[in-house]
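Below is one structure, written out as C-alpha cells; comments come after it.
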Amino acid sequence: MSVEELRRRDPEGYYVITVKRGELDRLGEIIERVKVEEAGELVFIRTRSRSIAKLILRKLGRMA
6 MSVEELRRRD
16 PEGYYVITVK
26 RGELDRLGEI
36 IERVKVEEAG
46 ELVFIRTRSR
56 SIAKLILRKL
66 GRMA
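Anchor point for the sequence shown: position 46 equals 51 in this note's numbering, and the numbering is continuous, going up by one each time.
Structure (C-alpha cells):
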C-alpha cells in the first residue's frame, strides 16, 4: 500500500491496510487504536483516520 492507495476507502469509510501476521509486532501501541481482523496468515487493519494509516505505513516501511 502506498500514498496513492490512501485516497480510496472501503464502502464503510475505513482505510484498509493488509499486513502479514508477523508484522504486527512492529506497530506497538498503534494497534490499540484500530480495528484488526485476522484472516489466516494475513491481518487487515482498518482505521478511519488517514494520519493513523500513514503512521502505520511508515512503521512498516511502505511509505517514506
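Built from N, CA and C at the ideal position, the CB exists for glycine as well.
- Taking each of 36, 30 and 16 in turn and checking the Cα distance to residue 57, the smallest one comes out for 36.
- For residue 57, the enclosing alpha helix (DSSP H) covers residues 55-65.
- Taking the C-beta atoms as reference points, residue 33 is found nearer than 9 Å to residue 64.
- Contact annotation: residue 51 and residue 15 have beta-carbon atoms nearer than 9 Å.
- By DSSP's assignment, residue 20 forms a beta bridge with 52.
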